Amino acid sequence: MSPHTFLVNGTRVTVDTDDKVRLLWVLRDLLGITGPKYGCGINVCKACTSHLNGKAFNPCSVPVSAVGPDDEITTIEGIADAESGTLHPMQEEWLAHDVAQCGYCQPGQIMAAIAKVNQAHAQGREISDTDLDEIRNICRCGTYSRIRDAVKTAAAKM
Amino acid sequence: MAHQRRSPRRDGAPALERRRFLGYLLAAPTLAVAARLGADLSSDTPAEAAIPSLPGPADLLDLGDALTLAAAPTSGLIGIQLNRDGTVSFAVPRAEVGQGITTTVAMLIAEEMDLPLEKVGVNLADARPELVFNQLTGGSNSVRSLYTPVRTAAAVARRRLLTTAAEQWKLDPATLTARDGMIRSSAGHSASYGSLAEAAASPRTEEVSTTLKAAEEFRIIGTPTTRIDALDAVTGRKQFTMDLAVPDAKPTMICRPPTTSGTVRSVANLGAVAAMPGVTDVVEVSSGVAVRAETFGQCIDAVRALRVDWGPGPVDGESDASVEDKLRAATLPMAVPPVLTKTIDAEFVFNFASNSALETNCAIADVRADRAEIWSGLKSPIVAQEQIAAMLGLPIPAVTVHVVTGGGSFGRKLFGDAALEAAEVSQAMGKPVKLMWHRADDSRHGRTHPMSISRIRVNHALGNVVSYEQRHTSVTTDFGHGLGEILTAVAAKLPVGDVGFSQTVFLLSQSNPYNFGVVTNLLNEVPLKFHTASMRNVYSPNVVCARELVVDQLASAMGQDPLTFRRGFLKDERFRTALDKAAEVGQWGRELPDGMAQGIAFHCEYKSASAVLVEIDCRPETVERPIRDGVGGPRVTRVAAVVDAGLPINPKGLEAQTIGCVNDGIALALTSSLHMDNGLPLEASWDNYFYTRQWNTPPELEVVVLPATTGEPGGAGELAVASAFAATAAAYGRATGTMPTRFPINHGTLSFEPKPTVPPIPDSPVDGLAHTF
Chain A
1 MSPHTFLVNG TRVTVDTDDK VRLLWVLRDL LGITGPKYGC GINVCKACTS
51 HLNGKAFNPC SVPVSAVGPD DEITTIEGIA DAESGTLHPM QEEWLAHDVA
101 QCGYCQPGQI MAAIAKVNQA HAQGREISDT DLDEIRNICR CGTYSRIRDA
151 VKTAAAKM
Chain E
1 MAHQRRSPRR DGAPALERRR FLGYLLAAPT LAVAARLGAD LSSDTPAEAA
51 IPSLPGPADL LDLGDALTLA AAPTSGLIGI QLNRDGTVSF AVPRAEVGQG
101 ITTTVAMLIA EEMDLPLEKV GVNLADARPE LVFNQLTGGS NSVRSLYTPV
151 RTAAAVARRR LLTTAAEQWK LDPATLTARD GMIRSSAGHS ASYGSLAEAA
201 ASPRTEEVST TLKAAEEFRI IGTPTTRIDA LDAVTGRKQF TMDLAVPDAK
251 PTMICRPPTT SGTVRSVANL GAVAAMPGVT DVVEVSSGVA VRAETFGQCI
301 DAVRALRVDW GPGPVDGESD ASVEDKLRAA TLPMAVPPVL TKTIDAEFVF
351 NFASNSALET NCAIADVRAD RAEIWSGLKS PIVAQEQIAA MLGLPIPAVT
401 VHVVTGGGSF GRKLFGDAAL EAAEVSQAMG KPVKLMWHRA DDSRHGRTHP
451 MSISRIRVNH ALGNVVSYEQ RHTSVTTDFG HGLGEILTAV AAKLPVGDVG
501 FSQTVFLLSQ SNPYNFGVVT NLLNEVPLKF HTASMRNVYS PNVVCARELV
551 VDQLASAMGQ DPLTFRRGFL KDERFRTALD KAAEVGQWGR ELPDGMAQGI
601 AFHCEYKSAS AVLVEIDCRP ETVERPIRDG VGGPRVTRVA AVVDAGLPIN
651 PKGLEAQTIG CVNDGIALAL TSSLHMDNGL PLEASWDNYF YTRQWNTPPE
701 LEVVVLPATT GEPGGAGELA VASAFAATAA AYGRATGTMP TRFPINHGTL
751 SFEPKPTVPP IPDSPVDGLA HTF
C-alpha cells in the first residue's frame with residue numbers, strides 16, 4: 001500500500017493502494033468514477049478509453065504507479081466544459097446522430113473519437129475513412145455507422 | 001357509458017365507431033391510472049386467452065402472438081403516475097438493454113396524454129411475480145405487447161384530467177383541449193397537468209373505458225425521436241449494474257474450471273490467497289472459487305493465484321467435429337423423394353456463436369438471514385427472483401430483484417446466471433458482493449448459441465417449386481427462462497417440456513414467405529450439456545441464411561436473376577414492396593469489378609418484413625489487408641436495409657436496431673464463431689471472437705424504414721439479422737463463384753493464439769502507455 005497522487009477531471013486526488021493496481025480499478029472501485037467501463041481488462045475492447053494528458057489511453061492496462069502528481073486523467077465525466085457545462089462537440093454530435101444504443105461502450109467510443117480527430121488535425125488533415133477503420137473500440141450493439149457519421153460532423157467543429 | 005362516435009368523414013366514408021378500451025383509475029394521492037397487459041383490452045370483448053395447445057403456423061400465430069396471448073389471463077396491471085410537478089412516472093415491466101424500449105414507451109405515453117416527451121419518466125420495474133408471464137423481454141415482443149395497454153392507461157389519464165378541469169371550471173369537457181401538458185378552455189382558462197394531479201386523483205380504484213387516438217391524430221408516434229437516455233449515455237451518467245454504489249458490495253470474481261461445468265475437487269492455497277493484498281474473502285461455490293476484494297484488479301490477481309484441482313464436466317470430450325457428427329446423425333429424413341422433378345439438395349453448417357454482450361455477466365447481491373436484495377440486468381426477472389428464493393431458502397417476497405439497465409443482451413440476459421451466482425456467493429460469505437465475470441469467463445463459460453446443421457431439399461418442375469423441406473438440427477437451445485415465469489421455466493427443464501417448448505418457438509417463428517408448394521420446416525435437437533441460450537433472432541439467422549442461399553440456387557437453376565425470382569415467388573405484395581425498395585436503394589444489378597458482387601435476401605417475422613441488399617469486396621488486396629489482433633477478410637462495402645415494421649413508432653430507433661442487425665449478420669456470415677475444443681470455447685476475448693469492428697463494417701449503410709403498412713407495430717429489434725446474414729452470404733457466393741456452406745466462412749482458420757485455461761483469466765497488461773494516441 002502506498003499513496004498515489006494525480007489529477008482526475010481537474011481535481012487532485014490521492015489514493016492509497018498497491019502500486020500495480022490498474023488505473024481502471026482505481027478510478028472505478030476506489031474513486032467511484034464509473035464512466036470508463038470494463039469490457040476485457042486486456043486493452044482489447046477499449047471500453048475504458050480515457051485521456052492521459054490529452055491523449056487516448058486505456059486505464060485497464062496502466063498501473064497506478066505509472067502516473068505522477070502532474071499527470072492529468074480525463075474521463076468521459078470531464079470532457080464537457082467544467083464551468084459552463086457545455087458538451088464537447090463530439091458529445092453534441094453523438095446526440096444529434098442518436099448514436100448510443102445500450103450505451104456501455106459509448107464513453108470509450110467518444111474519448112477515442114476525440115483523440116482520433118485531434119491526432120488527424122495535429123497532422124494537418126481531416127479525418128478519413130482509413131482513420132475511422134483504425135478505431136478499435138468494439139460496439140456489440142453495432143452502432144458503427146452512426147459513430148462514423150458523428151465523428152465526421154464533430155471533426156468539422158473541433 | 002355512451003359510446004363516442006366519430007364525425008362522418010369528409011370523403012363520405014362511413015363513420016366508424018371508435019373502439020373502446022378498458023383501463024383503471026387507481027386510488028392514490030395524485031392521479032394514477034392503469035391498464036391490464038393482455039391481448040385485447042377492448043371493452044366489448046373480455047380479455048381471455050391461453051397458450052394455444054397446438055401451435056399454428058407462424059404466419060397465422062407467431063411467437064409474439066403467443067407471448068401476447070400468454071400474458072392475457074394475468075391480473076397484473078401496469079400503472080402510470082402523474083406527479084405534482086407535471087411529470088409522469090412509469091415503471092416498464094421490461095428490460096432496457098439498448099433496444100430503446102424506454103424511449104418507445106415514453107413516446108406512447110406522451111402521445112396519448114398530450115404531454116411533452118421530456119415530462120415522461122420511464123424506469124424499469126422490479127421483478128413483479130404477480131405479472132406471471134408478463135415480465136419477459138424477448139421475441140421482439142415488447143412493443144407489440146405494450147402498445148395498447150400503455151396507450152390505454154395514458155388515455156384514461158388524459159380523459160380524467162379533462163373532466164377534472166371541466167368540473168373546476170364548470171364547463172363541458174368536450175369544449176376543453178389537452179395539449180403539451182396543459183388543459184385549456186376556449187374561454188381562456190388554463191391549468192397544467194401538475195396543478196390538477198391531486199384534484200384528478202381517484203378516491204377508489206375503478207374500471208373505466210376510453211378511446212384511443214386514431215393513427216391520423218398521431219403527433220409523436222411515427223416521428224423520429226432521440227433516445228430519452230442519450231444524454232446520460234454520452235456524459236457517462238448512465239448507470240449499469242457495476243456502476244451502482246451499494247454499501248459494502250465489494251468487487252467479487254470467480255475462479256472457473258478449464259472445462260464447461262467442471263467442479264472443484266480441492267483448493268491447495270485457499271488461506272494464502274485470502275491473505276493477498278486487498279482480498280477479504282475466498283470461498284468455494286458451485287461454479288468455482290469466489291474471491292472478494294477491494295478492487296477487481298486484486299480479484300484478478302487472486303483468481304490467477306488460486307491452485308485448484310478441477311473435476312471433469314459433462315462435455316469434456318466434445319469439440320466442433322464431434323458435435324457436428326452428432327448433429328448430422330440426428331438430422332431428420334426428408335419426406336419427399338426426388339422423383340420426376342429436378343432436385344436441389346443442400347446442407348449448411350453453422351458453428352457455435354457467442355451472445356456475449358459488452359457488459360459481462362454481473363450482479364450485485366446483498367443476502368441476509370431473512371431477506372435478499374439483488375441488482376442485475378435481467379430480461380426474465382421473475383424467474384431469477386423465484387430461483388434465488390428457492391436456492392436461498394427464502395420466501396419469494398423476501399427477495400427483491402431490481403432490474404438494472406443492461407449493457408447489451410443479444411439473448412444473454414434472458415438468464416439470470418450472474419444474479420443466482422451473486423446470491424450464492426453473498427450467502428456463503430455473509431456479505432454483500434458486486435460480482436462480475438471476467439471477459440474470458442463470459443466468452444468461455446457464458447451461454448452460447450449452439451451449433452446447427454440445416455439441410456434443405458427442393459423439388460422443382462416446369463418453373464414451379466413443388467416442395468420445400470428444411471431439416472434444422474441443433475444442439476439444444478436452453479429455453480429454461482420459459483415464458484418468464486417459474487412454472488413454465490420448470491416445465492422447460494423437463495425432457496418433454498423442453499423439446500415441446502423449443503418446437504413451439506421454432507414453429508411459431510419460422511414461416512416461409514415464398515409460394516414453394518408443400519413446405520415443411522422441422523427442428524430436431526441434440527441434448528448436449530453446453531451452456532446455451534437464444535441469440536438475437538434465435539433460429540432465424542441460420543434457418544433463413546440456408547433458405548435464401550437455396551433460393552439463389554433455385555433462381556440460377558431456372559435461369560432467373562435472384563431479385564426477379566424472389567419477386568415472382570413471394571406470397572405477399574407487402575413483401576415485394578420491401579424487396580423492391582432494397583433493390584432500388586441498393587441499385588441492384590449495378591456494375592462492379594471482378595471479385596465484388598451484390599447479394600439480396602428477404603425475411604419476415606414478428607409481423608414485420610425486411611429486405612437487405614449487400615455489396616461485398618472479395619478481391620485479394622481487400623481480403624488480405626493487415627489487421628492487428630483482428631481479422632479483415634472480405635469487406636462488406638455497401639448495404640441497403642429495408643424494414644416494414646407494420647407501424648413504425650420511432651423510425652430513428654428502428655433504424656438503429658437495423659444498423660445493429662446488419663453488423664450482427666455480417667459477423668455471423670464472415671467472422672464470428674466459437675471454436676469448441678474439449679468442452680470449452682478457445683475464444684477468451686474480443687481479440688479472439690471477431691464480432692464486426694470498424695474495419696469490417698460497411699462504410700456505406702442506408703436503412704429505410706417504410707411508412708406504416710398494417711397499422712399495428714410489429715417487432716423489429718432482431719428482424720434484420722437473418723436477412724443481413726443471408727444477403728452477405730449470398731453476395732459472398734456470387735463474388736467468389738462458390739456458394740458458402742459453412743459459417744462463418746473463416747471458421748476453418750484459427751486466427752489467434754488461444755489463451756490458457758489455467759489460470760482461467762489473463763493478467764492485465766502494464767504497457768498501456770505505449771499505446772496512446
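The listed protein sequences derive, respectively, from chains A and E.
Quick note on numbering: the first sequence equals residues 1 to 158 in UniProt numbering.
Quick note on numbering: the second sequence equals residues 1 to 773 in UniProt numbering.
Note that the Cβ used here is the ideal one computed from N, Cα and C, for glycine as well.
Bear in mind that the values here come from a model prediction, so they are computed numbers and not experimental data.
Review point. Is the CB-CB distance between Leu95/A and Leu231/E below 8 Å?
Key: yes
Review point. What is the rounded straight-line gap between the Cα of Arg22/A and the Cα of Arg125/A?
Key: 34 Å
**Study point:** 9 Å Cβ cut-off: residues of chain A touching Pro699/E
**Key:** Asp129, Leu132, Asp133, Ser145 and Arg148
**Study point:** Through-space distance from Asn351/E to Asn361/E, alpha-carbon basis
**Key:** 23 Å
Check your understanding: Using a Cβ-Cβ cut-off of 7 Å (strictly less than) and excluding sequence neighbours within five positions of Gly35/A, which residues of its own chain qualify?
Key -> Thr75, Ile76, Glu77 and Pro107
Point to revise | Span separating the alpha-carbon of Ala329/E from that of Thr448/E | key: 22 Å
Exercise for review: Please compile the residues from chain A whose C-beta is within a distance smaller than 8 Å of the C-beta of His438/E.
Suggested key: Gly41
**Study point:** 8 Å Cβ cut-off: residues of chain E touching Arg140/A
**Key:** Ser356, Ala357, Leu358, Gly408, Phe410 and Tyr691
Check your understanding: For Leu26/E, which of Ser145/E, Thr104/E, Val156/E and Ile101/E has the nearest alpha-carbon?
Key -> Val156/E
Exercise for review: Could you tell me whether any Cβ in chain E is nearer than 8 Å to the Cβ of Asn77/A?
Suggested key: Contrary to the premise, residue 77/A reads as Glu rather than Asn in this sequence. Yes, because at least one Cβ of chain E sits closer than 8 Å to the Cβ of Glu77/A.
Review point. Within 10 angstroms of its Cβ, does Leu462/E collect 16 or more other Cβ (buried), or is it exposed?
Key: exposed
Review point. Once you ignore the five residues that flank Gly517/E on each side, which residues in its own chain have a CB closer than 6 Å to its CB?
Key: Val465, Val466 and Ser467
Review point. Looking at the structure shown, is Thr104/E part of a helix, part of a strand, or coil, going by DSSP?
Key: helix
**Study point:** Given 8 Å, three or more beta-carbon pairs between the region 759–768 of chain E and the region 649–663 of chain E
**Key:** no
Exercise for review: Work out the CA separation of Ala47/A and His97/A for me, nearest whole Å.
Suggested key: 20 Å
**Study point:** the region 213–239 of chain E: positions lying closer than 9 Å to chain A by Cβ
**Key:** Pro224, Thr225, Thr226, Arg227, Asp229, Ala230, Leu231, Asp232, Ala233, Val234, Thr235, Gly236, Arg237, Lys238 and Gln239
Practice item. Sort Pro337/E, Ile221/E and Ser443/E by Cα distance to Val105/E and report the nearest one. Key: Ile221/E
Practice item. Quick one: grab the DSSP three-state call for Val585/E. Key: helix
Review point. Arg22/A versus chain E: which residues are under 7 Å apart at the beta carbon?
Key: Gly297 and Ser764
Exercise for review: Closer than 9 Å by beta-carbon distance: list the chain E residues that pair up with Pro3/A, in chain order.
Suggested key: Neighbours of Pro3/A on chain E: none; closest Cβ ~15 Å, over 9 Å.
**Study point:** Beta-carbon contacts of Glu207/E that lie in its chain and below 7 Å, excluding the five residues immediately before and after
**Key:** Leu22 and Tyr24
Check your understanding: By a C-beta neighbour count over all protein chains shown, 10 Å radius and 16 as the cutoff for buried, is Pro720/E buried or exposed?
Key -> The residue asked about is misnamed: residue 720/E is Ala in this sequence, not Pro. Flag for Ala720/E reads buried.
Check your understanding: Closer than 8 Å, CB to CB, is Asp16/A near chain E or not?
Key -> no
Practice item. Taking Ser380/E as part of the alpha helix (DSSP H), name the residues at either end of that continuous run. Key: No alpha helix (DSSP H) holds Ser380/E; DSSP gives it neither H nor E.
Exercise for review: Label Arg455/E either buried or exposed according to how many other C-beta atoms from any shown protein chain fall within 10 Å of its C-beta, with 16 as the threshold for buried.
Suggested key: buried
Review point. Along chain A, which residues have their Cβ under 7 Å away from the Cβ of Trp695/E?
Key: Asp133
Point to revise | Pro432/E versus Pro59/A: straight-line alpha-carbon distance, rounded | key: 26 Å
Practice item. Would you mind stating whether Ala731/E and Gly632/E have Cβ atoms separated by less than 8 Å? Key: no
Point to revise | Under 8 Å by beta carbon: chain E residues contacting Ser61/A | key: Ser764, Pro765, Val766, Asp767, Gly768 and His771
Review point. For the region 412–427 of chain E, which residues have a beta carbon sitting closer than 8 Å to at least one beta carbon of chain A?
Key: none
Practice item. Could you check the C-alpha separation between Ala153/E and Glu718/E for me, to the nearest Å? Key: 28 Å
Review point. How many angstroms separate the CA atom of Asp309/E from the CA atom of Gly103/A?
Key: 40 Å
Check your understanding: Using 8 Å as the limit for Cβ to Cβ distance, is Val97/E near chain A?
Key -> yes
Point to revise | Whole-angstrom C-beta distance between His460/E and Thr341/E, which should lie under 8 Å | key: 6 Å
Check your understanding: For Gly121/E, which residues does DSSP report across the bridge?
Key -> Ser89/E
**Study point:** Through-space distance from Ser443/E to Leu124/E, alpha-carbon basis
**Key:** 27 Å
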